[in-house]
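Single-structure report; data block below.
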Amino acid sequence: QVQLVESGGGLVQAGGSLNLSCVASGSTFRINVMGWYRQAPGKQRDKVATITNDKITNYADSVKGRFAISRRNTRTTESTVYLQMSSLKPEDSAVYYCYYHYGPYTYWGQGTQVTVSS
Numbered sequence: 166q167v168q169l170v171e172s173g174g175g176l177v178q179a180g181g182s183l184n185l186s187c188v189a190s191g192s193t194f195r196i197n198v199m200g201w202y203r204q205a206p207g208k209q210r211d212k213v214a215t216i217t218n219d220k221i222t223n224y225a226d227s228v229k230g231r232f233a234i235s236r237r238n239t240r241t242t243e244s245t246v247y248l249q250m251s252s253l254k255p256e257d258s259a260v261y262y263c264y265y266h267y268g269p270y271t272y273w274g275q276g277t278q279v280t281v282s283s
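Residues 166 to 283 in the working numbering are what the sequence shown lists, from first letter to last.
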């Protein structure tokens, strides 16, 4: 089992910045992918950004140049993923979910609300 604990999020005006973080602990695996997805009301959950254990990143086109994902592997059983969000737009408003994947297994965080006011 992998536990994911998210922090950050909140309310910000358009053009502002927010940072999210997520700690993965437990039965983590060396080869894995961590990242963030988001889901707005009435919409499907979409990928925002992912990062492998080798720190290869991938971004949704809608956030390229505005969001930055990074990670820190503090122990063999714990990793932290960060999402720095800048130049936020109202359409970035959603519940953001931390994501951890290895092999056939995928784990999700509880979600954190990000609201961008116009």
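All C-beta atoms in this analysis are idealised placements derived from N, C-alpha and C, irrespective of residue type, glycine included.
Item checked: With 16 other Cβ atoms within 10 Å as the buried cut-off, status of SER192 -> exposed
Next item on the list: Just grab the DSSP bridge partners of ALA233 for me.
Entry: Beta-bridge analysis with DSSP links ALA233 to GLN249.
Next item on the list: Return the first residue and the last residue of the beta strand (DSSP E) that VAL198 is part of.
Entry: 198-204
Note to self: Do SER182 and SER252 count as a contact pair if the criterion is CB distance below 9 Å?
What the structure shows: yes
Margin query: Spatial neighbours of ILE234 within its chain, please: C-beta separation below 6 Å, excluding the five flanking residues on both sides.
Written below: Within its own chain, the residues whose Cβ lies closer than 6 Å to the Cβ of ILE234, once the five positions on either side in sequence are excluded, are ALA214, ILE216, THR222 and LEU248, listed in chain order.
Next item on the list: For ASP211, count neighbouring C-beta atoms within 10 Å of its own C-beta (all shown protein chains included) and say buried if the count is 16 or more, exposed if not.
Entry: exposed
Notebook entry, point to check: For PRO255, which residues from the same chain have a beta carbon less than 8 Å from its beta carbon, with the 5 sequence-adjacent residues on both sides left out?
Noted result: ALA179, VAL281, SER282 and SER283
Item checked: Same chain, Cβ closer than 7 Å to VAL228, neighbours up to 5 away in sequence not counted -> VAL213 and ALA214
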